[in-house]
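In full-length UniProt numbering, the protein residues as written are 1 to 103.
The beta-carbon is built from N, C-alpha and C at its ideal position, and this holds for glycine as well.
Bear in mind that the values here come from a model prediction, so they are computed numbers and not experimental data.
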Ligand code: SF4
């Protein structure tokens with residue numbers, strides 16, 4: 001069961017059409033040139049799903065990205081058996097191959 005969804009906005013893709021802010025003004029704000037910023041952390045409760053999905057689907061630049069469902073009951077605090085896997089820190093000798101850097 002989901003409590004909503006998670007999105008993110010790739011501002012490098014935004015072309016400033018402003019459709020997102022029209023559909024979901026609580027989640028997208030526009031600057032003076034019409035380029036969008038995400039309001040909040042991208043968590044969208046179920047009650048606002050339709051408006052935000054409409055913004056996502058109508059964005060002509062595909063700048064709004066669906067990140068999955070928001071399931072607060074599955075976060076680490078509720079599931080101590082789940083450990084977060086962090087990416088290795090860059091610029092160490094142990095992970096040069098992972099980051100693609102070769103001397
Ligand atoms: S609808 Fe898409 S392109 Fe238009 S302002 Fe929003 S994010 Fe940018």
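For my contact list, residue i and residue j are in at a C-beta cut-off of 8 Å; report their separation, rounded to the angstrom.
i	j	result
residue 8	residue 38	7 Å
residue 10	residue 55	About 14 Å; that fails the 8 Å criterion.
residue 27	residue 40	7 Å
For a test of the three-state rule: what should DSSP assign to residue i, helix, strand or coil?
i	result
residue 13	coil
residue 63	coil
residue 52	helix
residue 36	strand
Can you check which of these residues, the options, is closest to residue i by C-alpha distance?
i	options	result
residue 34	50, 22, 54	22
residue 5	32, 58, 50, 30	50
Looking at the strands, I want to know which residues DSSP matches up with residue i.
i	result
residue 45	4
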